[in-house]
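Those sequence lines, one after another, are chains A and B.
The first sequence begins at 1 in the UniProt record's numbering and counts up one residue at a time.
The second sequence begins at 1 in the UniProt record's numbering and counts up one residue at a time.
All C-beta atoms, glycine included, are put in the ideal place defined by N, C-alpha and C.
Please read all numbers here as calculations on a predicted model, not as lab measurements.
Contents: one structure, followed by commentary.
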Amino acid sequence: MIDLKDVTIRYGDAAVVNNVTLSVEYGQSFALVGESGSGKSTILKVLAGQLSNWSGRIRLGEHELAHGRDKALVRLCQMVFQDPYGSLHPRKSVDAILSEPLAIHGIGQRDQRVQDAMAAVGLARKFRFRLPHQLSGGQRQRVAIARALMLDPPVLLLDEPTSALDVSVQAEVLNLLKALQEDRGLTYFMVTHDLPVVSFLCDRLAILRQGRVVEEATVDQLKQQAFRSPYGQELLSHSH
Amino acid sequence: MMTVNWLMSDAPETRWQAGLGQAYRTSRALFANPLALVGLVIILGLLLVAAFAPWIAPYSPIESDLSARLLPPSAAHWMGTDELGRDIMSRIIHGSRITLYIVLLVAVISAPLGLLIGTMAGYFGGWVDRVLMGLTDIFLSMPRLIMALAFVAALGPGIENAVIAIAITAWPVYARIARAETLTFRNAEFMSAIRMQGASHARIIVRHVMPLCLSSTIVRVTLDMAGIILTAAGLGFLGLGAQPPMPEWGAMISSGRAFILDQWWVATMPGFAIVVVSLGFCLFGDGLRDVLDPRNRT
């Protein structure tokens, strides 16, 4: 579903990501793990169409990712951002936020679709006309997830979707993400530094260090703490 | 009580209940501020006086009565009469229409223009920003009254030209504010999110950027209205705004200047009118700033 081949990403002259080749199958949940500065968020930005200074080949399904603004990308993948306090427009109600993608693409039956989407992410109807500042962090992240699903994309990009939330709320949001994936056969591409989150939600992971893939592993290897690379072992020891 | 609960509900059921609730909270905060309330009362008074001028004014603002020249304030003429025997209060009442006309027209022209240019500069950045802000700086560097004078001199005296001249000199401030505001959130995640949904640049600017710049622009326009009134009066005083016999306040001061020592009321009364209305807009603008600041919202 997602194929990266020899992807190099530059900021100015410095290459932040070097010759990364990754492949995620349809319906899989994949995690890109690394410390801050490893280039994992940069890869996510390229997949989201926010950066154009990259080389190599990226395919999403049958679609070859273009450099720069790519209109086909909209229906293929959407993103859930890290900070639910910054990812919702502060002056728009939940209803307006969820209706906007439908309005942009001229999709009808908005009332019904908005209600369905809110039900799907477990938001009660009374929240529909609230503004973001009247919602809790977990509720906001549910709105953000609902927004990403409004256009029914097969791929969801997750940028540390729970790191800004309280521990108790984290579990709720992770359960929701897992349930949505099972219901809809979504493909997840997640960026995180949180290994317990990976072992809960993902099937496979790749470890990124200084812009290079150090190791690719299955989640079973993570659970058995059986990473082959020394850096992978180091990450494991940090997370306990 | 039911209605208040319905308005203050934190779980509104429809779009317009949510909107009304927000408006109710805003107006309650405004009414809690006595100075803003004074400003609001003055502005509402101006609106009423302007709307019902022909019915309120006891005399004609234009017909002269040379037998009643320069009468001091009395029961018959509350604010006295001017050098052509016209009742000054009637002229001030009719003049409120001209003032309101100028202020509203300037606001309607310059605020959207400044907002559009500022948000475009902030949103696109790069060379668009440099070109638009260069233009803004050029307009901003010229003194408002001098620039307005130059325009009126080129276009010819008259209210319409005064309005155009003031509007042309008023928009750069709004552009600067809107740009600065846009820069604070142009890289926010909700902007990335709306871009990822495939919204066009025009849609993002109009529906997502402008609403966030709107409250500071409204506040600034309200505060500027005092300045607009003064500039219009200044143009009128110099004989470049409204032409006689129109009862424009600045022009009235100008014609009263000749008698200021012996017949003080001729120049003073329209001066009072300008001060009171300017003050009204200032106070209301200040109150509006406190209310619309999103940091104060709960």
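Check: Under the three-state reduction of DSSP, which class applies to Cys-202(A): helix, strand or coil?
Finding: Coil.
Thr-298(B), DSSP secondary structure in three states
Unreliable placement is indicated for Thr-298(B), whose pLDDT of 44 sits below 50; the coordinate value is still reported in the next sentence. Here Thr-298(B) sits in coil by DSSP.
Assuming the contact rule is C-beta atoms closer than 8 Å, Leu-222(A) and Val-214(A) should be a hit. Round their C-beta distance to whole Å, please. The pair is not a contact, with the Cβ atoms about 14 Å apart (cut-off 8 Å).
Taking 8 Å as the cut-off, decide whether the C-beta atoms of Gly-241(B) and Gly-227(B) are in contact. With respect to Gly-227(B), Gly-241(B) sits apart: the two C-beta atoms are not nearer than 8 Å.
Who pairs with residue 265(A) in a beta bridge, going by DSSP? The question about residue 265(A) has no answer, for chain A in this structure spans 1 to 240.
Q. Touching or not, the region 67 to 86 of chain A and the region 37 to 53 of chain A, by the rule of three or more beta carbon pairs under 8 Å?
A. Yes, since at least three Cβ pairs between the region 67 to 86 of chain A and the region 37 to 53 of chain A fall closer than 8 Å, the two stretches touch.
Does Pro-34(B) pass the burial test, meaning 16 or more other C-beta atoms within 10 Å, or should it be called exposed?
Pro-34(B) is exposed by the Cβ-count criterion.
**Amino acids of chain B, ordered along the chain, whose beta-carbon sits closer than 7 Å to that of Val-101(A)** = Looking at the sequence itself, residue 101(A) is Pro, so the reference to Val does not match. Contact annotation for Pro-101(A) against chain B: Gln-197 [CB-CB distance below 7 Å, chain order].
Which runs of the alpha helix (DSSP H) spanning at least 4 residues fall entirely within the region 14 to 80 of chain A, listed in chain order? Restricting attention to alpha helix (DSSP H) runs no shorter than 4 residues, the region 14 to 80 of chain A encloses them at 40 to 47, 73 to 76, ordered along the chain.
Q. Three-state secondary structure (DSSP) at Thr-8(A)?
A. In this structure, Thr-8(A) counts as strand in the three-state DSSP scheme.
Notebook entry, point to check: Taking only beta-carbon atoms, is Val-74(A) less than 8 Å away from chain B?
Noted result: Yes, Val-74(A) counts as interfacial toward chain B.
| message | So, does the region 89 to 108 of chain A touch the region 51 to 70 of chain A, judging by three or more C-beta pairs under 8 Å? | response | Contact between the region 89 to 108 of chain A and the region 51 to 70 of chain A is absent: fewer than 3 CB-CB pairs across the two stretches fall below 8 Å.
Exercise for the section: Look at Leu-177(A) and Pro-161(A) and say whether their C-beta atoms are less than 8 Å apart. Expected result: Yes, the pair counts as a contact, with Cβ atoms nearer than the cut-off.
Q.
Just list the residues that DSSP pairs Arg-212(A) with in beta bridges.
A. Among the bridge pairs identified by DSSP, Arg-212(A) is matched with Arg-209(A).
*beta strand (DSSP E) containing Asp-159(A): first to last residue?*
Start and end: 155 to 159.
Taking 8 Å as the threshold (C-beta atoms), are Val-219(A) and Asp-194(A) in contact?
The Cβ atoms of Asp-194(A) and Val-219(A) lie no closer than 8 Å to each other.
Practice prompt. Under 7 Å Cβ to Cβ from Thr-298(B), same chain only, skipping five residues before and after it: list those, please.
Written response: Below a pLDDT of 50, predicted positions are generally treated as unreliable, and Thr-298(B), at 44, falls in that range; no measurement from the model is reported.
Chain B residues whose Cβ lies nearer than 7 Å to that of Ser-93(A):
Simply Ala-18.
So, at 8 Å on beta carbons, what are the nonlocal neighbours of Glu-63(B) in its own chain, with the 5 sequence-adjacent residues on each side left out? For Glu-63(B), where only same-chain residues beyond five positions count, the Cβ hits under 8 Å are Arg-86.
Query raised in the report: Which residue from Ala-148(B), Pro-58(B), Gly-122(B), Glu-83(B) puts its Cα closest to that of Ala-75(B)?
Result: It is Pro-58(B).
Can you tell me which of Val-173(B), Met-147(B), Met-252(B), Thr-217(B) puts its alpha carbon nearest to the alpha carbon of Asn-161(B)? With distances taken between Cα atoms, Asn-161(B) lies closest to Met-147(B).
| query | Is the beta carbon of Phe-190(B) within less than 7 Å of some heavy atom of the ligand MG? | reply | The ligand MG is absent from the structure shown, which contains no ligands of any kind.
Coil, strand or helix - Ala-199(B) by DSSP:
Coil.
TODO: Give a yes or no on whether 8 Å exceeds the smallest Cβ distance from Phe-227(A) to chain B.
DONE: No, because no Cβ of chain B sits closer than 8 Å to the Cβ of Phe-227(A).
For Val-106(B), which residues from the same chain have a beta carbon less than 7 Å from its beta carbon, with the 5 sequence-adjacent residues on both sides left out? Cβ within range, chain order: Val-163, Ile-166, Ala-167, Ala-170, Ile-228.
What first and last residue would you give for the alpha helix (DSSP H) that runs through Ala-180(B)? Counted as a single uninterrupted DSSP element, the alpha helix (DSSP H) harbouring Ala-180(B) occupies residues 159 to 185.
>> Could you pull the DSSP bridge partners for Gly-87(B) from this structure?
In response: The question names Gly, yet the displayed sequence has Asp at residue 87(B). According to DSSP, residue pairing for Asp-87(B) in a beta bridge involves Thr-81(B).
task = Kindly confirm or deny that the region 135 to 152 of chain B and the region 192 to 207 of chain B touch, where touching means at least three C-beta pairs closer than 8 Å.
result = Touching, no.
Which residue spans inside the region 99 to 151 of chain A form an unbroken alpha helix (DSSP H) run of at least 4?
Those alpha helix (DSSP H) runs which fall completely within the region 99 to 151 of chain A and span 4+ residues are 110 to 120, 137 to 149.
Cβ-based neighbour list, Val-173(A), same chain, cut-off 8 Å, excluding 5 preceding and 5 following: Excluding sequence positions up to five before and after Val-173(A), its CB lies within less than 8 Å of the CB of Gly-138, Gln-141, Arg-142, Ile-145, Pro-161, Thr-162, Leu-165, all in the same chain and listed in chain order.
**Message:** Pop quiz: Met-1(A) and Leu-60(A) are said to be a contact at Cβ under 8 Å. What is the actual Cβ separation, rounded to whole angstroms?
**Reply:** Distance from Met-1(A) to Leu-60(A) at the Cβ level is roughly 7 Å; contact confirmed, criterion being Cβ atoms closer than 8 Å.
Can you grab the Cα-Cα spacing for the pair Ser-38(A) / Gln-197(B), in whole Å? C-alpha separation (whole angstroms): 27 Å.
Taking Asp-137(B) as the reference, which of Phe-281(B), Ile-260(B), Gly-114(B), Asn-5(B) has the closest Cα?
-> Out of Phe-281(B), Ile-260(B), Gly-114(B), Asn-5(B), the CA that lies nearest to the CA of Asp-137(B) is found in Gly-114(B).
Notebook entry, point to check: Near Leu-46(B), which residues of its chain fall below 6 Å by C-beta distance, leaving aside the five closest residues on each side in sequence?
Noted result: The answer, listed in chain order, is Ser-96, Val-277.
Review point. What are the start and end residues of the alpha helix (DSSP H) that includes Ser-239(A)?
Key: In the DSSP assignment, Ser-239(A) falls outside any alpha helix (DSSP H) and carries neither an H nor an E.
Note to self: For Tyr-180(B) and Arg-257(B), I'd like the C-alpha separation in whole angstroms.
What the structure shows: Per the sequence shown, residue 180(B) should be read as Ala rather than Tyr. Cα to Cα, Ala-180(B) sits roughly 43 Å from Arg-257(B).
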